[in-house]
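Numbering (the numbering used here), first residue to last: 54 to 200.
Positions of the beta carbon are idealized from the N, C-alpha and C atoms, including for glycine.
Fair warning: this is a prediction, and the values are worked out from it, not measured in the lab.
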């Protein structure tokens, strides 16, 4: 029981690392998704099954590339997540919901998970280990001299 408590305490102290690792992984995955869509424009029409999607194609690619990069480095994290939320909401509700759960290839459960993670990062921010904290950090003001 003592070992379990020690492990629990060790993990508790490192919670910010887990939150950061998830943010970096999510950002890299979304960035790579943007690269895939950029390299193969027919991929998005295959997924959506409609030609009208080309109108939003630029927004989707830019959102994934820019938003994914910003998420990965932890800069303007809330804005980066906000850029991605409409894209993933569209993917979940207009594409994957029609295909159903547990299908081969692109799946509703994975897109829903990514959407939920983006909402969490939009609401709670980047976490302790992000550029947001280093760039926006104010230098401590010197304390007034005591007379």
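In terms of residue numbering, what span does the alpha helix (DSSP H) encompassing residue i cover?
i	result
residue 84	68 to 92
residue 175	161 to 177
Does DSSP put residue i in a helix, in a strand, or in coil?
i	result
residue 187	helix
residue 110	helix
residue 57	helix
residue 147	helix
residue 122	helix
residue 181	coil
residue 127	coil
residue 116	helix
residue 154	coil
Give every residue of the same chain whose Cβ lies closer than 7 Å to the Cβ of residue i, excluding the five residues on either side of it in the sequence, and list them in chain order.
i	result
residue 36	Any property of residue 36 remains undetermined from this structure, which presents the chain solely from 54 to 200.
residue 142	168
residue 164	141, 144, 145, 149
residue 116	136, 137, 140
Can you give me the Cβ contacts of residue i inside the same chain, cut-off strictly under 8 Å, excluding the 5 residues immediately before and after it?
i	result
residue 170	75, 79
What residues in its chain sit with their C-beta under 6 Å from that of residue i, if we drop five residues either side in the sequence?
i	result
residue 72	180
residue 201	Nothing about residue 201 can be read from this structure; the chain reaches only from 54 to 200.
> Do the region 168 to 187 and the region 123 to 138 meet, that is, are 3 or more Cβ pairs less than 8 Å apart?
Replying inline: A contact exists between the region 168 to 187 and the region 123 to 138.
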